[in-house]
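Reviewing the structure listed below.
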Amino acid sequence: MGLERTAGTPFAPDDVSDVMVVAGPARSYRNNVHEEIKLVQVTGSGFTVRRRGTVHHAAPGELIALHADDAHSGAPDDLDSGSWRMMCLSPSVIAEVMPTSAMRFEDVVIGDRALANQFRSLHRLLHQPGGSPGSALSREGGLLEFVSALALRSDHEDRGSGGVGRTAAEIRDYLRENISRNVTLDELSGVTGTSKYQLVRACTAHFGLPPHKLHVRLRLDYVRWMLRRGMDIAEIAYTTGFHDQPHLTRVFTAAYGITPANYRSSFQGTARRSWTSSAAQERTRPTEPSAPTVFVRS
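Residue numbers 2 to 299, in this note's numbering, belong to the letters of the sequence shown in order.
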């Protein structure tokens with residue numbers, strides 16, 4: 002299957018790990034948080050990203066770069082004509098070039114036509130069927146060349162260092178490990194060794210969200226992980242701490258503009274492989290076939 006596959010279907014190449022590509026109608030989403038570097042290029046319409054109270058606007062064809070662990074919302078200027086190419090790069094890919102936490106983009110719109118063209122060519126290459134002689138080498142080489150060029154346009158700020166970065170990382174990791182529980186600020190204060198006021202400030206400064214909202218976004222990120230594996234939606238809702246399946250559906254649809262059922266069905270029958278990073282990287286989530294460690298509600 003090549004570009005003729007169903008529009009909007011996420012696709013993970015069989016012969017290149019830790020990358021996923023999407024092509025199809027552009028959608029609106031709200032307060033998205035992800036662990037990957039996400040690249041977006043919209044044609045047929047401009048695209049607006051809102052992050053930390055700042056509005057960023059990309060003209061058609063411009064490249065949008067969204068770094069990990071930073072809440073943002075986005076929408077095409079015209080839902081009817083907007084179409085996007087999207088690429089998600091896991092931390093393990095970025096780590097081949099630079100520390101993942103150092104790749105930051107204060108201005109999400111990269112005004113570099115050459116880089117935008119390189120992205121478009123790589124996206125097309127990753128969408129092609131694998132298996133031909135040299136195809137994996139060509140794809141992997143093209144991917145690393147692009148990531149290297151992208152690193153040159155990042156702000157190179159390693160936010161994982163320093164007190165705020167450490168506190169934020171501890172908060173994120175604890176919330177992931179307790180994905181289904183109602184975690185309290187008192188718990189987080191004990192984990193981080195900071196006051197409740199300090200930990201809320203650190204979390205908001207680093208992620209753009211206070212702890213309770215970050216917890217919801219981490220839950221939704223885990224929901225997508227399970228949906229890509231075809232798991233039962235009612236069981237997913239229970240495992241991730243939502244009241245029930247309708248509650249999960251409401252929150253998920255409000256965030257991503259698509260129902261969990263439709264998101265899951267878009268992966269049915271597509272070629273895919275794990276594109277999560279190894280435990281040696283900066284993520285806490287294990288690679289396939291192991292699922293993330295969670296503590297289910299009693």
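From the three backbone atoms N, C-alpha and C, an ideal C-beta is built for every residue, glycine too.
Bridge partner(s) assigned by DSSP for residue i
{"i": "Ala69", "result": "Ala69 is not bridged to any residue."}
{"i": "Cys89", "result": "Met21, Lys39"}
{"i": "Gly75", "result": "Tyr30, Val50"}
{"i": "Ser84", "result": "Pro26, Thr44"}
{"i": "Ala59", "result": "Phe48"}
{"i": "Phe12", "result": "Val22"}
{"i": "Leu64", "result": "Gln42, Ile111"}
Residue environment, residue i, which counts as buried when at least 16 other CB atoms sit within 10 Å
{"i": "Asp19", "result": "buried"}
{"i": "Tyr198", "result": "exposed"}
{"i": "Ser278", "result": "Unreliable placement is indicated for Ser278, whose pLDDT of 36 sits below 50; no coordinate value is reported for it."}
{"i": "Thr185", "result": "exposed"}
{"i": "Thr294", "result": "In this prediction, Thr294 has a pLDDT of 42, which is less than 50 and means its spatial position is unreliable; nothing more can be read from the coordinates."}
{"i": "Arg114", "result": "exposed"}
{"i": "Leu138", "result": "exposed"}
{"i": "Val252", "result": "buried"}
{"i": "Thr195", "result": "buried"}
{"i": "Arg173", "result": "buried"}
{"i": "Thr193", "result": "buried"}
{"i": "Pro212", "result": "buried"}
{"i": "Pro11", "result": "buried"}
{"i": "Arg140", "result": "buried"}
{"i": "Val56", "result": "exposed"}
{"i": "Leu151", "result": "buried"}
{"i": "Ser122", "result": "exposed"}
{"i": "Gly156", "result": "Note on residue identity: the sequence assigns Asp, not Gly, to residue 156. Exposed is the call here."}
{"i": "Asp108", "result": "exposed"}
{"i": "Ala60", "result": "exposed"}
{"i": "His248", "result": "exposed"}
{"i": "His216", "result": "buried"}
{"i": "Gly75", "result": "buried"}
Contact set for residue i: own chain, Cβ-Cβ below 7 Å, skip 5 residues either direction
{"i": "Phe95", "result": "For the sequence presented, residue 95 should be read as Ile rather than Phe. Ile38, Thr101, Met104, Val148, listed in sequence order."}
{"i": "Gln246", "result": "Ile234, Ala235, Ala238"}
{"i": "Arg220", "result": "Ile180, Thr241, Gly242"}
Neighbourhood of residue i by C-beta distance below 8 Å, restricted to the same chain and skipping five residues each side
{"i": "Ala206", "result": "Val165, Ala169"}
{"i": "Phe120", "result": "Leu40, Gln42, Leu64, Arg86, Met88, Phe147"}
{"i": "Leu210", "result": "Asn32, Val34, Ala72, Cys204, Arg218"}
{"i": "Phe1", "result": "No answer is possible for residue 1: it lies beyond the span of the chain, which begins at 2 and ends at 299."}
Other residues of its chain near residue i: CB distance less than 6 Å, five sequence neighbours each side excluded
{"i": "Ala24", "result": "Arg86"}
{"i": "Gly45", "result": "Ser82, Gly83, Ser84"}
{"i": "Tyr175", "result": "Val192"}
{"i": "Arg218", "result": "Val34"}
{"i": "Asp78", "result": "Ser46, Gly47"}
{"i": "Ala203", "result": "Val165, Thr168, Ala169"}
{"i": "Ser29", "result": "Ala76, Gly258"}
Limits of the unbroken alpha helix (DSSP H) element including residue i
{"i": "Ala238", "result": "234–240"}
{"i": "Ala103", "result": "Taken as a continuous stretch (DSSP letters only), Ala103 belongs to no alpha helix (DSSP H), as it is neither H nor E."}
{"i": "Gly260", "result": "For the sequence presented, residue 260 should be read as Thr rather than Gly. Run containing Thr260: none; DSSP gives neither H nor E here."}
{"i": "Arg221", "result": "A small correction: the amino acid at residue 221 is Leu; Arg does not occupy that position in the sequence shown. Taken as a continuous stretch (DSSP letters only), the alpha helix (DSSP H) holding Leu221 covers 212–228."}
{"i": "His207", "result": "197–208"}
{"i": "His128", "result": "114–128"}
{"i": "Val192", "result": "186–193"}
Residue i: CB within 8 Å of a non-hydrogen atom of the ligand SAM
{"i": "Leu151", "result": "Of ligands this structure carries none, so the ligand SAM is not represented either."}
Using a Cβ distance threshold of 8 Å, determine whether the segment 230–242 contacts the segment 177–195, with at least three qualifying pairs required.
yes
Determine, using beta-carbon pairs with one atom in the segment 62–73 and one in the segment 32–52, whether at least three such pairs fall under 8 Å.
yes
Tell me, please, whether the segment 255–264 touches the segment 26–34 by the rule of three or more beta-carbon pairs shorter than 8 Å.
yes
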